[in-house]
Every structure is written in structure tokens, then in C-alpha cells.
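First comes the structure, then the notes that go with it.
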Amino acid sequence: MNDDGQRRYGPLGAALVIIPTFNEAENIKPIVARMRAAVPEADILIADDNSPDGTGKLADELVAEDSHVHVLHRKGKEGLGAAYLAGFRWGIEHGYGVLVEMDADGSHQPEELPRLLTALKSADLVLGSRWMPGGRIVNWPKKREFLSRGASTYSRMLLGVPIRDVTGGFRAFRTETVEGLGMDAVTSQGYCFQIDLARRAVAAGFHVVEVPITFVERELGDSKMSKDVMVEAFWRVAAWGVESRTNRLLGRGND
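In the working numbering, the protein residues as written are 373 to 627.
This is the structure we're talking about:
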């Protein structure tokens, strides 16, 4: 702590950008090229879930061309959460100080990562936010925007987390933050994985900061959003909300 009681943050260390993929053959090379140009010092880990469209092979080609790119070949499609957890563990094992979540489809702009990393110098976790002043979305239908805003509001109200964009997936963590989230207890697999990590970070007392980003709807490939993903998020958030309130009433901490 500083003399004024504020936490003193150490240097960030090397950054690893984790990009989960499943059938992203059209997007993987362009997004890696953009990331390498935007943050040349960062490494990239492509966590591929045995994509039948050949994404894994393209990832191998990138690895052969660039020492900053790595690939984690997984046995099959096990969900976004499992892919990120595997990527986190790989990053921790290899000594990275910063772990970044980013989509492969171009919806997260690599050119905005430097702002997240700058904010992380005085934070434990930085979220790229669509729903704060300065954040915006491009090419989304109104229905999709309504669902996303509604999901964040629903999660924020039930879980009591002071985060505007709880479901966003463009994030930068200090490695010690990830280690403090209880990864072994995380079982959420779909997009509610992002909600799970956010509520765990708040409950653990980590300093969470949001910075505005521009979210762009994918132009190539198919969205992984589905009814099952939304249903999982709805019931898990409801269960976490009940658990949180019960724990507060009984004077217990959250898991």
C-alpha cells in the first residue's frame, strides 16, 4: 500500500492474448496480423477446439512464421469457458504477467488493447465496455443490442456487481488476479463464463475498471451465440444471485 492507503501495483510483465477458436478459418490470420501490428510485444495463444474447417492448421502456419504466436490444440468443442481456462493455465505455466481475452471474429478491435493495458497499470482487471460513455456497437440489430444490454442489467441487478458491461469478453487480467478467482471451481461454459469471472473478481475485492470500446459485429463466419447459451446464462445468474443473497444473510462470503 502507498502512504494514502492505495494499493501499489507492480509492473505488468509480458502479455499473452488468448484467442479461442472454433471454425474461424476466415478470421484467424487477419485478427492475428492486426494484433501483432497493434501490440507487437504481446504474444498470442490460439486455443483451437479441433475446428473441422482447418483453423488449427492455419494456426500452425502462423506459429511457424512468428515466434510470438502459439497454439493450443484441444480435443474438441468444450465451450468458451473451458478454452479460456486452458489458455489461462498455459499462460501461467509460461510466466506471463498479463492474460487477455479476445474474440477471433474481429468484434474486439486489437487496436484498442493498448488502452486496456494502460488502465491495467493501476487495476487488477480491465473490461472493455460497450455500455459506458464512449462505448459503442457497430452493425448490430436492435434486437441483439436489447438482449445484450438486458443481460448486463439483469446480471448487475441480481449479482450486485458495479459493472456496466458484465457480459463483455474483451478483458485484460493481471495473472495474480486470475489465480485469485478460484479457477478450479469455475464450471460455466458459455458466455456466462464472462459473468462468472466478473462476479468472482468483485467478490474477491479486486479493483475492476471499465474502459470504452467499439464492438463491431463479425463480417465472416457464424456467431456462436445460441438459445442454449442464453438459457445457461439466465439460470446460472439466477442461482448465483440467490446464493449471494443467502450468504450475505448468513454472514458468509461468496465462493
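Even glycine gets a Cβ: it sits at the ideal position worked out from N, Cα and C.
Judging by CA-CA distance, which residue of the options is the nearest neighbour of residue i?
i	options	result
residue 418	397, 568 and 411	397
residue 476	447, 557, 554 and 423	423
residue 487	469, 543 and 453	543
residue 518	503, 530, 563 and 532	503
residue 414	470, 379, 563 and 539	470
residue 562	446, 435, 452 and 399	452
residue 394	386, 388, 427 and 585	427
residue 416	400, 429 and 425	400
Name the one or two DSSP bridge partners that residue i has.
i	result
residue 586	508
residue 543	473 and 499
residue 674	This structure cannot settle anything about residue 674, because the visible part of the chain is limited to 373 through 627.
Please state the DSSP three-state secondary structure of residue i.
i	result
residue 388	strand
residue 393	strand
residue 538	coil
residue 580	strand
residue 375	Unreliable positioning characterises residue 375 in this predicted model, as indicated by a pLDDT of 46, which lies under 50. The coordinate reading is nonetheless provided below. Coil.
residue 559	coil
residue 456	helix
residue 435	helix
residue 660	Outside the shown range of the chain (373 to 627) lies residue 660, about which nothing can therefore be said.
Once the 5 residues before and after residue i are set aside, which same chain residues still bring their CB inside 6 Å of it?
i	result
residue 495	579 and 581
Suppose the cutoff is 8 Å on Cβ atoms and the five residues either side in sequence are ignored; what does the same chain contact list for residue i look like?
i	result
residue 505	584
residue 547	385, 463, 464, 468, 469, 470 and 471
residue 450	421 and 561
I'd like the list of long-range same chain contacts for residue i, defined as Cβ closer than 7 Å, with 5 residues on each side in sequence excluded.
i	result
residue 435	441, 442 and 443
residue 524	503, 536, 537, 538 and 539
residue 375	For residue 375, the predicted structure reports a pLDDT of 46, less than 50, and the residue's modelled location is therefore unreliable. A value from the coordinates is still provided. Result list for residue 375: empty, nothing under 7 Å.
residue 473	390, 456, 541, 542 and 543
Would you check if the stretch 552 to 561 and the stretch 448 to 463 touch, i.e. whether three or more CB-CB distances between them fall below 8 Å?
yes
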